[in-house]
Ligand code: PGA
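Numbering (this note's numbering), first residue to last: -7 to 246.
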């Protein structure tokens, strides 16, 4: 299970340091934790997390290797600052910056060239869900956002219904299960017939300490992308603990 903390444009650098220390004080193996920090915090966080099992990631990168792109950050720069993962196509990027799936795929290619793992975000709006188009929208995003040449083991998907992000509203377990199953069954076909093994599909959107366990118990849910609750060390630790219990339970059942 993978639990990724998406700090978005939070918190202050001082609070970020305290938060990173608090998370690092906990051991939640075999859960993999990823900290998606603001770009300007990558170097201080990488220094703070030296020797830690928490992986560091960026929240976006440019699709070009370098060049005249004022204000942008390249995958190589993220790598140089200690990140080994990058989050791409988050709905806040798609909505606030007009990013289309084709651009997300270009960014993913660039990240892969630099040896980074990518988390590609997918999710429908409330209008799309009410119109009965949720699955089609998400599968279309998946097909267009994930480049065919992505190597095995470097891809993670995050399904985040847009209407559930930061709202306290969570999709029903049945809806989460159905969408994760649909994404899982679509993944191999997107790769020119090559099955990519073990692509973790994370769920995101108002995951908290109370609802995490039931979400993580679903088939094809490989972890969570956590926004608001990742700014609270105690809540984030409890979410990681739920993932850990689920992993130990599955191991026991096997
Ligand atoms: P949330 O954010 O947990 O605050 O809903 C999730 C995300 O946007 O990644």
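Quick reminder that beta carbons are idealized off the backbone N, C-alpha and C, glycines included.
At least one heavy atom of ligand 1 falls within 7 Å of the beta-carbon of residue -2. One alpha carbon belongs to residue 63, the other to residue 89, and they sit about 13 Å apart.
The three-state secondary structure of residue 201, taken from DSSP, is coil.
Look at the beta carbons and you see the segment 79 to 93 not touching the segment 29 to 41: under three pairs across the two are nearer than 8 Å.
When only Cα atoms are considered, residue -7 and residue 165 end up about 18 Å apart. Shortest Cα-Cα distance from residue 69 to any of 53, 41, 142 and 128 involves 53.
Under the rule that a run must span 3 or more residues, the beta strand (DSSP E) segments found entirely inside the segment 71 to 149 read 77 to 80 and 109 to 114.
Under the three-pair Cβ rule at 8 Å, the segment 233 to 244 does not count as touching the segment -4 to 11. Around the CB of residue 212, 16 or more other CB atoms lie within 10 Å, so the residue is classed as buried. Within the chosen limit of 7 Å, ligand 1 does not reach the beta carbon of residue 127 with any heavy atom. Residue 122 is classed as exposed because its beta carbon has fewer than 16 other beta carbons within 10 Å across all chains shown. Within 10 angstroms of the beta-carbon of residue 152 lie 16 or more other beta-carbons, which makes it buried.
Boundaries of the alpha helix (DSSP H) around residue 170: 165 to 178.
Beta-bridge pairing by DSSP links residue 195 to 151 and 216. With a cut-off of 7 Å, the C-beta of residue 152 is classified as near ligand 1, since at least one heavy atom of the ligand falls inside that distance. Counting only residues of its own chain and dropping the five nearest sequence neighbours on each side, residue 236 has a CB closer than 6 Å to the CB of 20 and 23. Below 8 Å, enough C-beta pairs join the segment 141 to 155 and the segment 105 to 124 to call them touching: three or more.
About 20 Å separates the beta carbon of residue 41 from that of residue 67, a gap too long to meet the 8 Å contact definition.
Residue environment for residue 39: exposed (fewer than 16 other C-beta atoms within 10 angstroms of its C-beta).
If you look at residue 5, you'll find it in the alpha helix (DSSP H) that goes 5 to 16. Counting along the chain, residue 157 sits inside no alpha helix (DSSP H), nor does DSSP assign it H or E at all.
For residue 39, the enclosing alpha helix (DSSP H) begins and ends at 34 to 40. In the structure shown, residue 210 adopts coil according to DSSP, grouped into three states. In this structure, residue 110 places its C-beta atom within 8 Å of the C-beta atom of residue 100.
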